[in-house]
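Enquirer: For the sequence shown, position 8 matches number 8 in UniProt numbering, and the numbering has no gaps at all. Next up is a structure, given as structure tokens.
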Amino acid sequence: LLPDFGIQPTGEVALKLANDYFKSLGLSDNPDKKWLYLFVERHSED
């Protein structure tokens, strides 16, 4: 979504956004770099 607006977040910012999103869903998991890498790989064509 962010690249659609011309924004390329750093890994650190992406992890912060993911962490905030997980918390908003009530999840206790904290995404890490491995999670981010796998997410990007899985959704690179979206």
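From the three backbone atoms N, C-alpha and C, an ideal C-beta is built for every residue, glycine too.
1) Just the C-alpha distance for D29 and G6, rounded to the nearest angstrom, thanks.
2) Is the beta carbon of L36 less than 9 angstroms from the beta carbon of A14?
3) Can you tell me whether DSSP reads D11 as helix, strand or coil?
4) If we ignore side chains and look at the alpha-carbon of each, how far apart do F22 and E12 end up?
5) I'd like the span of the alpha helix (DSSP H) that includes L39, first residue to last.
Expert: According to the data block:
1) Within the sequence shown, the letter at position 29 stands for residue 29. Within the sequence shown, the letter at position 6 stands for residue 6. Whole-angstrom Cα-Cα distance: 29 angstroms.
2) Working through the sequence shown from its first residue, we reach residue 36 at position 36. Working through the sequence shown from its first residue, we reach residue 14 at position 14. Yes.
3) By one-based count along the sequence shown, residue 11 stands at place 11. Checking the displayed sequence, the identity of residue 11 turns out to be Gly instead of Asp. Note: G11 maps to helix in three-state DSSP.
4) Stepping through the sequence shown from its first residue, residue 22 is reached at position 22. Stepping through the sequence shown from its first residue, residue 12 is reached at position 12. Looking at the two C-alpha atoms, the distance is approximately 15 angstroms.
5) Position 39 of the sequence shown, counted from the start, is the residue given in the question as residue 39. One detail in the question is off: residue 39 reads as Phe in this sequence, not Leu. Counting along the chain, the alpha helix (DSSP H) containing F39 begins and ends at K33 to R42.
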